[in-house]
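Asks: Chains as they are written, first to last, in this note's numbering: chain A, 22 to 526; chain G, 762 to 1022; chain L, 2 to 220.
Every residue, glycine too, gets a C-beta built ideally from N, C-alpha and C.
This is the structure, below, for whatever I ask next.
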Amino acid sequence: MSTFLGMPATRAGRGPSPDAAPGTLGGVGRPEDPLHWGATFPHAAKAALANEQLRRNLGNATSTIRSKRARVVGEVPDWEALRDAGSAIKTDVMARLPELLEALERNVTARGGVVHWARDAAEANRIVAGIVREKQADEVVKVKSMATQEIGLNEALAEEGIAAVETDLAELIVQLADDMPSHILVPAIHRNRTEIRDIFLERMADAPPDLTDVPHELAMAARAHLRRKFLSAKVAISGANFAVADSGTLAVVESEGNGRMCLTLPETLITVMGIEKLVPTYRDLEVFLQLLPRSSTGERMNPYTSLWTGVTPGDGPQEFHLVLLDNGRTKVLADEAGRSALHCIRCSACLNVCPVYERVGGHAYGSVYPGPIGAILTPQLTGEKSDLPYASTLCGACYQVCPVKIDIPSILVELRAREVELAGSSPDAADRVWKAAMKAASYAMADGARFRRAARLPRALRAISRHGVIRRLPFPGSLWTRSRDLMEPPRQTFRDWWAEREDDR
Amino acid sequence: MRIALAATCIADAMFPQAPKAVVTLLERLGHEVVFPAAQACCGQMHVNTGYLAEAVPVVRNHVRTFAPVADGEWDAVVVPSGSCTGSIRHQQKMVLERAGLSSEARTATAVSARTYELSELLVDVLGVTDVGAWFPHRVTYHPTCHSLRMLGVGDKPERLLRAVEGLELLPLEQAEGCCGFGGTFSLKNADTSAAMLDDKVADVVGTGAEVLTAGDWSCLMHIGGGLSRGGTGVRPMHLAEILASTREAPVHPGDRQEVAR
Amino acid sequence: MSDARTEILSRIRTALGSSTPEPGTVSTAVPREYRSLGDHAPGAAEVLDLLVDRLEDYKARVHRVTAADLPALLARLLAEVPASSVVVPAGVEGAWLGALADVEVRTDSREAPLSATELDGIDAVVTAARVAVAETGTIVLDGEPDQGRRAVSLVPDVHVCVVRTDQVVQTVPEAVRLLDADPGRPQTWISGPSATSDIELDRVEGVHGPRTLHVALVS
Ligand code: SF4
């Protein structure tokens, strides 16, 4: 499965690494499985690290957004209280999920909406394609949505002869370049203005030929390109940031107005939403509408938030479909330790502060969910063996900024434990070597007398040290000495020194 | 006070100068230091790599060794490492509970309640910031991730450093950024780790300091290895080593611990 | 094989196991220690100053006027565009537009809506608002007759929004609690003109929504 369309897999079940991807504009192509593509994390990361342009783009963008976030969060005197409330509301939602979903369904239906349930990506795509076909539309406009990225909706619609037009500026850039998003909020964060200009000039037929790389001009070119599509579209597809169980209200938070266009002008609106995006009451929005914008774009409030409840006669779409998506979420829910990954409101603050993400970018994670949240969510959604839980130093920066207080480092540790279990039956030599080393270390480190002997072993390395350091070790020590020296081990361990001192007394 | 020292496995085997400095410092401040010889390791490496079953005997040994602090035999346990203190405080109980060892999990909680990272012990428990140290050098301080975010030691280490006579404390750019060590991360994701290290090394060099200090030799081993590879001449030293230095018994940057034999 | 709805709900119940509470019980006490009220009453001078500051920070243009001066202000703003046509929701007070000269005024309502293409040919829109939040520089429209259908305040390139000073609250919770009386109304929360940060995370004002937002703050 999970190989690039029409391309042979290079590693067990995985496609080529991002740097080896097709497309003159450097896009990575559209993978068959949006939750599992590209090379393994360490390989993909290595390729990304070698791309100087990418590192500069990411470094600039993440440091900009980090300082914006810090500034507007610092303005809020009750920020921690809001985080506590947000976290508790989400815990409550998970505990009462069946009841709340039923309430949402009841309230949406009562207001003239139609609710659909989809067990997996294929079922969701079938439902959406069916509705679009029924409306006899061959083009739909889309608001940026992680859920539809996750299920590969655009590709599924294309197979049915339906063109899905991404209307968010960054999504449009990604779509035009035949690329994949590399960030939850700013999918084209890996591109700088010059690259974006080139993409527009090559792939957007109505782009002005004298287009410069001034961001304002680029935004105006996108405005002109999409204007006619908004005015004539019959069907729009969106995701949802929040759904209120007790009123049936849905919320989309955005900046450009493309969301408002899609949610307002077409006759038919289809919203695809993960089953976890609920809040119990309308009042709970007072918490999340404070947490989300400041955490994501670093604004006090995003320019536009749209809230709608079913169908309002004479105002906006007169036909509304809500698709409730499982696609692995119930698997995540089943794991008590990892369940809180479903609390995520997709603000992307954890990506922006992550020192690993900042250097390797989103594509290395091989999933539409990159960064710290992707490292815990992706393997839980797929249930497959994954190297993503190791793609972190456990530095804790993500946990510190997460507006709903997801303890990502602790979940990473839990998932590593699961990887170790999965590796128990693995024929992979590396897995077996790790296991043997850890077992041996466990034996040596579980007893003072045994450790006393073990602690003296590094001393042997003094034979190859020069000027107090060791510059080269054989594998696997070479993984260390390739980039850093190892300080020469001491002649005497601490405990031997202590014992000697005690004897002297 | 009677203070039990948890030396940490890495410092015991590789960087004995740090626990030795803790002994020197605490004795100078008039406290008694004991080193329970049954100790080995807190289990952090196993836990953070996902080997929870293999962590159990390691954690049990730590908890048993330091259980007397819960009974009042010692007043506190001191650990010259933010990440080991973090593991003791936030992981040991979980490991034992998962293994069904609920009474030992309770002991672990009691032990961890009296376990302190060095700067916490000095500032919060012993109530000192000026420990009477003398270290006439330019120093920059890297707040390690776990001491900063898991323990929340805040500016305690800097307060201790500012009180050191002769010491010039130079601010580090992007101080709170991770150095890229992450235990086995440095091996499993060696390239990413090295990229993070490069940035940290550049920031350290940019301060113009002679000495880089931190509260954890694991991070220092990493950054120090990079500083050495880059031929920068900046020396890594544990916070305890600086605080142990006095006019009477000065510690020089770059001195190894080869005092005995 | 059961249908998707039954199966998903049963998967959830299995996943939650014995921890599923009885319907209707709140399983987790939600701490709500955050501020639910501002330091100042709605419409207080501090609140108004804050709103103006926040709106201007995000490049909205704010004009403080008395009710008597509003028609003249609207006439001036529309002349500045320059607008040859303006659309207003049917419930907007007729007096607001009393000073217009040479501007075609179109009226829109749920019962007699203009098409999107018609709206695209109109230069500006004037609406009222339901509530404004000072701390975030936000104005909320809830689709009532003086605020109009959502399309009306979206398609024309210039939006002039008339906010009464007594509609301005300090905090988000104060606004949400007001709107909670009718959560089913279609709402649009507007904080400045449309913008994007998609290019190098640099904020650029003016994309698909109105590129110019005027707020007339009427006392
Ligand atoms: S995990 Fe937390 S910080 Fe990361 S995207 Fe989700 S809500 Fe935001």
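1) Do Thr139(L) and Trp190(L) have their C-beta atoms closer together than 8 angstroms?
2) If you draw a straight line from the C-alpha of Asp70(L) to the C-alpha of Gly99(L), how long is it?
3) For Arg471(A), which residues from the same chain have a beta carbon less than 6 angstroms from its beta carbon, with the 5 sequence-adjacent residues on both sides left out?
4) Which residues bound the beta strand (DSSP E) around Glu160(A)?
5) Residues of the segment 922-943 of chain G with a CB closer than 7 angstroms to any CB of chain A: list them in chain order, please.
6) Rounded to the nearest angstrom, what separates Val63(L) and Glu320(A) at their Cα positions?
7) I'd like to check one pair, His204(A) with Pro400(A): are the Cβ atoms closer than 8 angstroms?
8) Determine, using beta carbons only, whether Gln188(L) comes closer than 8 angstroms to chain A.
9) With a threshold of 16 other CB atoms inside 10 Å of the CB of Phe515(A), please say whether the residue is buried or exposed.
10) Beta-carbon within less than 6 angstroms of His246(A)'s beta-carbon, same chain only, minus the 5 sequence neighbours each way: which residues are those?
11) In angstroms, rounded to a whole number, what distance separates the CA positions of Arg117(A) and Ser954(G)?
12) Report the partner residues of Ile258(A) according to the DSSP bridge assignment.
13) Evaluate contact between the segment 420-433 of chain A and the segment 443-452 of chain A, counting only Cβ atoms and requiring at least three cross-stretch pairs below 8 angstroms.
14) Say whether chain D places a C-beta atom closer than 8 angstroms to the C-beta of Asn146(A).
15) With a threshold of 8 angstroms on Cβ separation, who are the neighbours of Ser259(A) within its own chain once the five nearest residues in sequence on each side are excluded?
16) With a CB to CB cut of under 6 angstroms and the five nearest residues on each side skipped, what residues in its chain are close to Val195(A)?
17) Rounding to the nearest angstrom, what Cα-Cα distance links Met241(A) and Asn323(A) in this structure?
18) Would you grab the beta carbon distance between Trp58(A) and Gly387(A) for me? Rounded to a whole angstrom, and I think it's under 8 angstroms.
19) In chain A, which residues lie less than 7 angstroms from Thr139(L) when you measure between Cβ atoms?
20) Using CA coordinates, which residue listed in Ala133(L), Leu75(L) and Gln171(L) is at the minimum distance from Leu38(L)?
21) Tell me which residue opens and which closes the alpha helix (DSSP H) that His983(G) is part of.
22) What does the alpha-carbon distance come out to for the pair Val872(G) and Thr330(A)?
23) Per DSSP, what kind of secondary structure is Val995(G) in: helix, strand or coil?
24) By the three-class DSSP mapping on this structure, what secondary structure does Thr215(A) have?
25) Name the chain G residues that come within less than 7 angstroms of Ala82(A), Cβ to Cβ?
26) Three or more C-beta pairs closer than 8 angstroms, one from the segment 848-862 of chain G and one from the segment 812-824 of chain G: is that the case here?
27) Quick one: what does DSSP say Gln168(L) is sitting in, helix, strand or coil?
28) His364(A) to Met115(A), Cα distance in whole Å?
29) If you draw a straight line from the C-alpha of Ala69(A) to the C-alpha of Gly383(A), how long is it?
30) How about Leu999(G) and Ala798(G): do their beta carbons lie closer than 8 angstroms?
31) Pull up the distance between the alpha-carbon of Gly843(G) and that of Thr769(G), whole angstroms please.
32) In whole angstroms, what is the alpha-carbon distance linking Ser110(L) and Gln148(L)?
33) Output yes if chain A places a C-beta closer than 8 angstroms to the C-beta of His41(L); else output no.
34) State buried or exposed for Asp916(G), treating a residue as buried only when at least 16 other CB atoms are found within 10 Å of its CB.
35) When you compare each of Leu862(G), Leu882(G), Ala1001(G) and Val962(G) to Val925(G) by their alpha carbons, which one comes out closest?
36) Do we get a CB-CB distance below 8 angstroms when we pair Ile123(L) with the residues of chain A?
Replies: The structure says:
1) The residue you call residue 139(L) lines up with position 138 of the third sequence. The residue you call residue 190(L) lines up with position 189 of the third sequence. Contact flag set, yes.
2) Here residue 70(L) refers to the residue found at position 69 of the third sequence. Here residue 99(L) refers to the residue found at position 98 of the third sequence. Going by the C-alpha atoms only, they are around 11 angstroms apart.
3) For the purposes of this step, residue 471(A) is taken as residue 450 along the first sequence, with counting starting at 1. Same-chain partners within the cutoff: Ala465.
4) If you number the first sequence from 1, residue 160(A) lands on position 139. Note, Glu160(A): beta strand (DSSP E), Glu160 to Lys163.
5) Gly938, Cys939, Gly941, Phe942 and Gly943
6) Here residue 63(L) corresponds to residue number 62 of the third sequence, with the count starting at 1. Here residue 320(A) corresponds to residue number 299 of the first sequence, with the count starting at 1. Approximately 19 angstroms, taken between the alpha carbons.
7) Along the first sequence, read from residue 1 onward, the residue named residue 400(A) stands at position 379. Along the first sequence, read from residue 1 onward, the residue named residue 204(A) stands at position 183. Not closer than 8 angstroms, so no.
8) Within the third sequence, numbered from 1, the residue matching residue 188(L) stands at position 187. Yes, because at least one Cβ of chain A sits closer than 8 angstroms to the Cβ of Gln188(L).
9) In the first sequence, residue 515(A) corresponds to position 494, counting from 1. Buried is the call here.
10) Numbered from its first residue, the first sequence carries residue 246(A) at position 225. Excluding sequence neighbours, His246(A) sits near Met225 and Asp227.
11) Indexing the first sequence from 1 puts residue 117(A) at position 96. Indexing the second sequence from 1 puts residue 954(G) at position 193. Near 41 angstroms, if we compare the C-alpha coordinates of Ser954(G) and Arg117(A).
12) As a first step, residue 258(A) is located in the first sequence; it is residue number 237 there, counting from the start. Note: Ile258(A) sits in a beta bridge opposite Lys163(A) and Ile291(A).
13) no
14) The displayed structure is made up of protein chains A, G and L, and chain D is not among them.
15) Taking the first residue of the first sequence as 1, we reach residue 259(A) at position 238. Result list for Ser259(A): Lys163, Val164, Ser166, Val273, Gly280, Cys283, Leu284, Leu290, Ile291, Thr292 and Val293, in chain order.
16) The count along the first sequence starts at 1 and reaches residue 195(A) at position 174. So the list reads Pro202, Pro208 and Ala209, once near-sequence residues are dropped.
17) To locate residue 241(A), count along the first sequence from 1; it is residue 220. To locate residue 323(A), count along the first sequence from 1; it is residue 302. For Met241(A) and Asn323(A), the distance between alpha carbons rounds to 19 angstroms.
18) The residue you call residue 58(A) lines up with position 37 of the first sequence. The residue you call residue 387(A) lines up with position 366 of the first sequence. With a Cβ gap of about 5 angstroms, Trp58(A) and Gly387(A) count as contacting.
19) Against the third sequence, residue 139(L) aligns to sequence position 138. The contacting residues are Met322.
20) In the third sequence, counting from the first residue as 1, residue 38(L) sits at position 37. Cα-wise, what sits closest to Leu38(L) is Gln171(L).
21) As a position in the second sequence, residue 983(G) is number 222, starting the count at 1. Start and end: Trp978 to Arg990.
22) Working through the second sequence from its first residue, we reach residue 872(G) at position 111. Working through the first sequence from its first residue, we reach residue 330(A) at position 309. Rounded to the nearest angstrom, the two C-alpha atoms are 54 angstroms apart.
23) Position 234 of the second sequence, counted from the first residue, corresponds to residue 995(G). The answer is coil: DSSP assigns Val995(G) none of H, G, I, E or B.
24) What you label residue 215(A) is simply residue 194 of the first sequence in a count that begins at 1. Three-state result, Thr215(A): helix.
25) Numbered from 1 along the first sequence, position 61 holds the residue referred to as residue 82(A). Correct list: empty, because the minimum Cβ distance to chain G is about 16 angstroms.
26) yes
27) As a first step, residue 168(L) is located in the third sequence; it is residue number 167 there, counting from the start. If DSSP states are grouped into helix, strand and coil, Gln168(L) belongs with the helices.
28) Position 343 of the first sequence, counted from the first residue, corresponds to residue 364(A). Position 94 of the first sequence, counted from the first residue, corresponds to residue 115(A). Taking the straight line from one Cα to the other gives about 8 angstroms.
29) As a first step, residue 69(A) is located in the first sequence; it is residue number 48 there, counting from the start. As a first step, residue 383(A) is located in the first sequence; it is residue number 362 there, counting from the start. Near 9 angstroms, if we compare the C-alpha coordinates of Gly383(A) and Ala69(A).
30) Taking the second sequence and counting its residues from 1, the one referred to as residue 999(G) is at position 238. Taking the second sequence and counting its residues from 1, the one referred to as residue 798(G) is at position 37. Correcting the residue identity first, residue 999(G) is His in this sequence and not Leu. Not a contact, by the Cβ cut-off of 8 angstroms.
31) Here residue 843(G) refers to the residue found at position 82 of the second sequence. Here residue 769(G) refers to the residue found at position 8 of the second sequence. Roughly 11 angstroms between the two C-alpha positions.
32) Residue mapping note: residue 110(L) aligns to position 109 of the third sequence, counting from 1. Residue mapping note: residue 148(L) aligns to position 147 of the third sequence, counting from 1. Each residue's Cα considered, the two are about 10 angstroms apart.
33) Along the third sequence, one-based indexing puts residue 41(L) at 40. Not closer than 8 angstroms to any Cβ of chain A, the Cβ of His41(L) fails to qualify, so no.
34) Your numbering for residue 916(G) matches position 155 in the second sequence. Asp916(G) comes out exposed.
35) Within the second sequence, numbered from 1, the residue matching residue 925(G) stands at position 164. Cα-wise, what sits closest to Val925(G) is Ala1001(G).
36) As a position in the third sequence, residue 123(L) is number 122, starting the count at 1. Ile123(L) does not count as touching chain A.
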